[in-house]
Amino acid sequence: MSEQVLAADGRPLKSSLNRALRRQKMRALMLIAPLLLFIMLTFVIPIGQMLFRSVENQIVGNTIPKTVAALAAWDADQNEAPDETVFQALFYDMFVAAEAKEHTKLGSRLNYEQAGISSLFRKSGRSLSDIGELYQDAFEDLNPAWGDGAFWFDLMNDNGGAIASGLMIQQRDRLKRLTSADISLDVDFALRGDIAQALPLTAQQYASWALYTANVDNDVIAEETPWEAVYAALADDLRDPEAGARLAAYDGPGADSLLAALAIVPDIAAPSYKDAFAEIDSGWLEPRVWQTIQTYSPPFTPGYFLNSIDLEQTPNGIEWRPENQQIYLTLFWRTLVMSLTITGSCILLGYPVAWMLANLPARTANLLMILVLLPFWTSLLVRTSAWKVLLQDQGVINSLLVWIGLVADDNRLSLINNATGTIIAMTHILLPFMILPLYSVLKTIPPSYLRAAKSLGATNWTAFWRVYFPQSIPGIGAGSILCFILSIGYYITPEIVGGTRGVFISNRIAYHISTSLNWGLAAALGAILLAAVLLLYWAYDRIVGIDNVKLGG
Amino acid sequence: MSQAGNSAAFVEFERVQKSYDGETLVVKDLNLSMPKGEFLTMLGPSGSGKTTCLMMLAGFETATHGAIRLDGVSINDIPPHKRGIGMVFQNYALFPHMTVAENLSFPLEVRKMGKSLREEKVKRALEMVQMGDFGGRRPAQLSGGQQQRIALARALVFEPELVLMDEPLGALDKQLRETLQFEITNLAHDLGITVVYVTHDQTEALTMSDRVAVFDDGRIQQLAPPDELYEKPQNSFVAQFIGENNTLDGVVQEIRGDTCIVKLDSGDVIDAVPVNVANVGDRTLVSIRPERVEFDKSRLQEGAHTLKAEVLEFIYMGDIFRTRLRVAGRDDFIIKTRNAPDQVRLEPGQQIDIGWLAEDCRALDA
Ligand SMILES: Nc1ncnc2c1ncn2[C@@H]1O[C@H](COP(=O)(O)OP(=O)(O)OP(=O)(O)O)[C@@H](O)[C@H]1O
Ligand SMILES: [Mg+2]
Chain A
1310 MSEQVLAADG RPLKSSLNRA LRRQKMRALM LIAPLLLFIM LTFVIPIGQM
1360 LFRSVENQIV GNTIPKTVAA LAAWDADQNE APDETVFQAL FYDMFVAAEA
1410 KEHTKLGSRL NYEQAGISSL FRKSGRSLSD IGELYQDAFE DLNPAWGDGA
1460 FWFDLMNDNG GAIASGLMIQ QRDRLKRLTS ADISLDVDFA LRGDIAQALP
1510 LTAQQYASWA LYTANVDNDV IAEETPWEAV YAALADDLRD PEAGARLAAY
1560 DGPGADSLLA ALAIVPDIAA PSYKDAFAEI DSGWLEPRVW QTIQTYSPPF
1610 TPGYFLNSID LEQTPNGIEW RPENQQIYLT LFWRTLVMSL TITGSCILLG
1660 YPVAWMLANL PARTANLLMI LVLLPFWTSL LVRTSAWKVL LQDQGVINSL
1710 LVWIGLVADD NRLSLINNAT GTIIAMTHIL LPFMILPLYS VLKTIPPSYL
1760 RAAKSLGATN WTAFWRVYFP QSIPGIGAGS ILCFILSIGY YITPEIVGGT
1810 RGVFISNRIA YHISTSLNWG LAAALGAILL AAVLLLYWAY DRIVGIDNVK
1860 LGG
Chain B
-4 MSQAGNSAAF VEFERVQKSY DGETLVVKDL NLSMPKGEFL TMLGPSGSGK
46 TTCLMMLAGF ETATHGAIRL DGVSINDIPP HKRGIGMVFQ NYALFPHMTV
96 AENLSFPLEV RKMGKSLREE KVKRALEMVQ MGDFGGRRPA QLSGGQQQRI
146 ALARALVFEP ELVLMDEPLG ALDKQLRETL QFEITNLAHD LGITVVYVTH
196 DQTEALTMSD RVAVFDDGRI QQLAPPDELY EKPQNSFVAQ FIGENNTLDG
246 VVQEIRGDTC IVKLDSGDVI DAVPVNVANV GDRTLVSIRP ERVEFDKSRL
296 QEGAHTLKAE VLEFIYMGDI FRTRLRVAGR DDFIIKTRNA PDQVRLEPGQ
346 QIDIGWLAED CRALDA
């Protein structure tokens, strides 16, 4: 048992020490605070967000919330399109989404999972108002007041009674989730409680419309005719078997008009929502579409990650993607193998150079070092393009080989737009990253070790292999980690010289970021790449020991 | 140099020259011949070419000119690993990634020796340097002296006949150095190996060696056993380099067989042994060891020349007294006397006469 040691002032020595160290740590923290902040803002947070995208899937629930809810009860295994309730929900969801022009985004998102959905959504968005218009025309024929904004406003707005504030808040939230537009404005409208009870759907749609019109279109609610979905909602409300009883209990403004409308509703010739959607595009009747929507309803999805390794979610569980769409595993594997090849050739080419640099007199070594660093002074693009010139079929290298007679003129080597091209160009570009750490380690190995080994009877090779080489492993490790990590994420060079067979996973990530705009998949691929690098780093640490990595000294 | 060309020579340098840059000779005309079993030390100031000589012998540098022979065979064209010469480096050069035992086993492995034999030899070598328990350690876990012992054991484990050591004790403190000096000489004699030892510590050279080669300016200035080197330096460099030494400038006045008379610049006249002065009228540097100076007239030869001296400083050093005098216009003349009961302690300011046996005073090149 050790007794507690006290400092001169009587406090325990340990806490005194901690206090002193804490002050030091704080000061150190202050010094790096600006950098830390910079890194947080420009690196950690964006990357965190990016990685978050790889699982985030809120767009489905935000754009078509009612449909998602209605679809929950649908049994995908039946292999039949869902029933009218789902289509009805889809109609109202899509209507608002189409007004806010958000439905195409959802279409694109779902299109990643199933080709063709994008056009389905785009097409439907355009035709939704036609469905509502049928009802609007019917009501206006009955009573032109239905086309009057002020009439609607009277029907819905507060007149001193109870307020259905819950419904308003709900609609506001739904709009906020749907669109990035500002929906927070206080509108000059409050939904009355009794009308919300008598016409629940209509009240919902009207509230939604009112909020949108006032906030986004900046119109006066009382002067505008509501959008068609409100008329459809009115018809749906009046078709409800309970509608008669509800209206009987209602005695607010427009009660008579509503009763009149109730009377004509059965006569309105309008197709069901399901038929209407099927009319727009028969694709809506395909169970496959609904399966996809159902699968991707939750706010978070493993779907992007599954796609990244050529799997997909289906109603039957996780399955391989169709053979012709499996590309990512191949790409990951190729990236790994080629990065290792590049690292290996960097070691083979760099070691002798580093050795020579380390053993030459300082003056000559410095001069040669400039040659090693020279590539850093030219643009990466220029260097890569130069390889394009050198390696192409009619390029310098092929011509030289033909001229020497090593290669037949009609049988020129294809050195570019394939893996060979990528390996050659990347080896060249990454070579300094191997030579520099290697050089700085070799420089610290005194020549006396080699001499000692030889004096003990070792041949040149044995002396090198048994004595010199083991001491240079930290340098090889440092260079390899550097080269490998750089090459595994390399993008420009494979893009230029890699053709289709020599591109890396990073090229695919870039494609999804800037061309296909499938950021979720790009994020998932990036996350996997990051995890792979960390895994390899960890493995290296376990096998060689990260303490054994030296960048010099 | 009497042994040069001797047929019994084990190591032989013949007219060896070495230049690194093709402009200056670092080693100029080196002739050296060692019999088997000799402990020879190369002693000299920094940059005098000692390491270079050793490296040529080990095969890491090639001689620009001349022949190096080992056991009568010219080794100019034999690569280092075939020379079978053990070597101890100044920084030990123990392989850091191997344990002590692996370090020792390395020369045996490259000689394709069987495992059990290897282990036995390693064990014996470690015991020889009293490091039997350290086989499993890494060099970095050893102290300087322990590393030195291991380096020595490694150079000896494959039983070479010739071992080269380049300032092996340079990095150690005085006490450890003395212990190891003793151990190294004992080992060398017990094993009967021939050793070429490089140092610039003259005490080390004098205490350890059979013969010492004093290097300066790429040449061997004198090659002799320690006592001869100290008492009979062949030139003024050796006289000044080895031990403490009083020097006086003068001109040779008369040479009479094995003595000569030198007229000092102060006008005084003294007796000396002519070592490398040939003609009357040559300038000379006269060298007298401080402990050979007498101020007791009764102990001097009849008719010997004496010099007037004034005591400047008396230093009590325990076993000896060290007295600084002004002699012949110089005030750095030192005499050393033994601390004995009857010994006189000189007082500063005292005027005395000093003299010496003519054979202790050597007239050397100026
Ligand atoms: N590799 C080399 N290239 C060029 N000149 C060298 C080289 N090695 C030694 N020299 C020069 O040769 C001369 C003799 O060097 P050497 O190392 O033999 O001296 P040394 O007697 O061992 O000195 P020290 O006691 O300082 O070790 C020095 O002037 C040195 O500058
Ligand atoms: Mg030296």
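Chains A and B supply the protein sequences, listed in that same order. Numbering of the first sequence is given in the working numbering, commencing with residue 1310 and proceeding in unit increments. Numbering of the second sequence is given in the working numbering, commencing with residue -4 and proceeding in unit increments. By construction, the Cβ of each residue, glycine as well, lies at the ideal position given by its N, Cα and C atoms.
For D1546(A) and T1522(A), believed in contact at Cβ under 8 Å, the rounded distance: Position 213 of the first sequence, counting from 1, holds the residue named residue 1522(A). Position 237 of the first sequence, counting from 1, holds the residue named residue 1546(A). Their Cβ separation, rounded to whole angstroms, is 20 Å, which puts T1522(A) and D1546(A) out of contact at 8 Å.
At what residues does the beta strand (DSSP E) containing F129(B) begin and finish? Against the second sequence, residue 129(B) aligns to sequence position 134. Run containing F129(B): none; DSSP gives neither H nor E here.
Going straight from the alpha carbon of I349(B) to that of V264(B), what length do you get? On the second sequence, position 354 is the one that residue 349(B) refers to. On the second sequence, position 269 is the one that residue 264(B) refers to. For I349(B) and V264(B), the distance between alpha carbons rounds to 12 Å.
Looking at the strands, I want to know which residues DSSP matches up with C48(B). Residue numbering aside, residue 48(B) sits at position 53 when the second sequence is read from its first letter. BP columns for C48(B) are empty, so no partner.
Count Cβ pairs between the segment 1527 to 1547 of chain A and the segment 1438 to 1445 of chain A that sit closer than 8 Å; are there 3 or more? Because the criterion of three Cβ pairs below 8 Å is met, the segment 1527 to 1547 of chain A and the segment 1438 to 1445 of chain A touch.
Would you tell me roughly how many angstroms separate the C-alpha atoms of G364(B) and N86(B), rounded to the nearest one? Outside the modelled stretch of chain B, which goes from -4 to 361, sits residue 364(B), for which no answer is possible.
Tell me whether T332(B), by its Cβ, gets closer than 7 Å to a heavy atom of ligand 2. The sequence position of residue 332(B) within the second sequence is 337, counting from 1. No, the Cβ of T332(B) stays beyond 7 Å of every heavy atom of ligand 2.
Should T418(B) be counted as a contact of ligand 2 given a C-beta to heavy atom distance under 7 Å? Residue 418(B) is absent from the structure shown; chain B starts at -4 and stops at 361.
Pick helix, strand or coil for H300(B), following the three-state DSSP scheme. Residue 300(B) sits at position 305 when you count from the first residue of the second sequence. DSSP places H300(B) in coil when its eight states are reduced to three.
Run through DSSP, which three-state label would S282(B) get? Against the second sequence, residue 282(B) aligns to sequence position 287. Reduced to three states, the DSSP call for S282(B) is strand.
Candidates A148(B), P40(B), R319(B) and E104(B): which alpha carbon is nearest D196(B)'s? Working through the second sequence from its first residue, we reach residue 196(B) at position 201. Ranking the options by Cα distance to D196(B), first place goes to P40(B).
What's the C-alpha gap between T1351(A) and G1786(A)? Along the first sequence, read from residue 1 onward, the residue named residue 1351(A) stands at position 42. Along the first sequence, read from residue 1 onward, the residue named residue 1786(A) stands at position 477. Roughly 30 Å separates the two Cα atoms.
Here's the rule I'm using: 16 or more other beta-carbon atoms within 10 Å means buried, otherwise exposed. How should P1756(A) be labelled? Taking the first sequence and counting its residues from 1, one reaches residue 1756(A) at position 447. Exposed, by the Cβ-count rule.
Through-space distance from L1699(A) to L1689(A), alpha-carbon basis: The sequence position of residue 1689(A) within the first sequence is 380, counting from 1. The sequence position of residue 1699(A) within the first sequence is 390, counting from 1. Going by C-alpha positions, L1689(A) is about 15 Å away from L1699(A).
Short of 6 Å in beta carbon distance, which residues of its chain neighbour Q1423(A), apart from the five on each side in sequence? Order them along the chain. Numbered from its first residue, the first sequence carries residue 1423(A) at position 114. Within the same chain, Q1423(A) has close Cβ partners T1601.
Is any heavy atom of ligand 1 found at a distance shorter than 7 Å from the C-beta of D16(B)? Taking the first residue of the second sequence as 1, we reach residue 16(B) at position 21. Yes, ligand 1 has a heavy atom inside 7 Å of this Cβ.
Under 9 Å, CB to CB, which of the residues in the segment 1761 to 1786 of chain A have a partner in chain B? Among the residues of the segment 1761 to 1786 of chain A, those with a Cβ less than 9 Å away from any Cβ of chain B are A1761, A1762, K1763, S1764, L1765, G1766, A1767, T1768, N1769, T1771, A1772, R1775, V1776, P1779, Q1780 and I1782, in the order of the chain.
Return yes when the C-beta of K13(B) is under 7 Å from any heavy atom of ligand 2, and no when it is not. Sequence index remark: in the second sequence, residue 13(B) carries index 18 (1-based). No - ligand 2 has no heavy atom lying nearer than 7 Å to the Cβ of K13(B).
Buried or exposed (CB count within 10 angstroms, at least 16 for buried), R1331(A): Along the first sequence, read from residue 1 onward, the residue named residue 1331(A) stands at position 22. So R1331(A) ends up on the exposed side.
Compute the Euclidean distance between the alpha carbons of A358(B) and D260(B), then round it to the nearest angstrom. Taking the first residue of the second sequence as 1, we reach residue 358(B) at position 363. Taking the first residue of the second sequence as 1, we reach residue 260(B) at position 265. Distance between the alpha carbons of A358(B) and D260(B): 14 Å.
Might you give, ordered along the chain, the residues of its own chain that have their beta carbon closer than 7 Å to the beta carbon of V1377(A), omitting 5 neighbours on each side? Residue 1377(A) sits at position 68 when you count from the first residue of the first sequence. Here the set comprises V1369, G1370 and S1606.
P1321(A) - DSSP class collapsed to helix/strand/coil: As a working mapping, residue 1321(A) is identified with position 12 in the first sequence. Strand at P1321(A).
Which of the three DSSP states, helix, strand or coil, is assigned to V257(B)? As a first step, residue 257(B) must be located in the second sequence, where it is residue number 262. DSSP places V257(B) in strand when its eight states are reduced to three.
Residues of chain B with CB under 7 Å from Y1758(A), in chain order? Indexing the first sequence from 1 puts residue 1758(A) at position 449. A88 and F90, listed in chain order.
Test item: CB-CB of Y102(B) and L1765(A) under 8 Å: Counting from one through the second sequence, the residue named residue 102(B) turns up at place 107. Counting from one through the first sequence, the residue named residue 1765(A) turns up at place 456. Going by the sequence as given, residue 102(B) is Pro instead of Tyr. Result yes, Cβ atoms of P102(B) and L1765(A) sit closer than 8 Å.
Presumed contact (8 Å Cβ cut-off) between G32(B) and T198(B), rounded CB distance: Position 37 of the second sequence, counted from the start, is the residue given in the question as residue 32(B). Position 203 of the second sequence, counted from the start, is the residue given in the question as residue 198(B). 23 Å between Cβ atoms; not a contact.
Under three-state DSSP, which class holds V306(B)? Stepping through the second sequence from its first residue, residue 306(B) is reached at position 311. Three-state DSSP puts V306(B) in a strand.
Determine, using beta carbons only, whether P1670(A) comes closer than 8 Å to chain B. Along the first sequence, read from residue 1 onward, the residue named residue 1670(A) stands at position 361. No, no contact with chain B.
Here's a check: name, in chain order, each residue in its chain whose Cβ is nearer than 8 Å to the Cβ of M1477(A), leaving out the five neighbours to either side. On the first sequence, residue 1477(A) is found 168 positions in, with the first residue counted as 1. Same-chain partners within the cutoff: A1499, L1500, A1516 and L1520.
Got a sec: is the Cβ-Cβ distance from A96(B) to anything in chain A below 8 Å? Position 101 of the second sequence holds residue 96(B). It does not: the Cβ of A96(B) has no partner Cβ on chain A nearer than 8 Å.
I'd like to know if the segment 264 to 280 of chain B and the segment 240 to 256 of chain B are in contact, where contact means that at least 3 CB-CB pairs between them fall below 8 Å. yes
Could you name the residues of chain A that V105(B) contacts, counting a contact when the two beta carbons are closer than 9 Å? As a first step, residue 105(B) must be located in the second sequence, where it is residue number 110. Near V105(B) (Cβ distances below 9 Å), the residues of chain A are A1762, L1765, G1766, A1767, T1768, T1771, A1772 and R1775.
Apart from the five residues on each side of it in sequence, which residues of its chain come closer than 7 Å, Cβ to Cβ, to A1379(A)? Here residue 1379(A) is taken as the residue at index 70 of the first sequence, counted from 1. Closer than 7 Å at the Cβ level, and outside the excluded window around A1379(A), lie T1394, V1395 and A1398.
Cβ-Cβ separation, L224(B) to Q235(B) (assumed contact under 8 Å), whole Å: Here residue 235(B) refers to the residue found at position 240 of the second sequence. Here residue 224(B) refers to the residue found at position 229 of the second sequence. So it is not a contact: roughly 12 Å between Cβ atoms.
Can you grab the Cα-Cα spacing for the pair G1714(A) / G1811(A), in whole Å? Indexing the first sequence from 1 puts residue 1714(A) at position 405. Indexing the first sequence from 1 puts residue 1811(A) at position 502. Cα-Cα distance, rounded: 28 Å.
Which same chain residues end up closer than 6 Å to G1807(A) when comparing Cβ atoms and leaving out the 5 residues on each side of it in sequence? Residue 1807(A) sits at position 498 when you count from the first residue of the first sequence. Cβ neighbours of G1807(A) beyond the five flanking positions: T1731.
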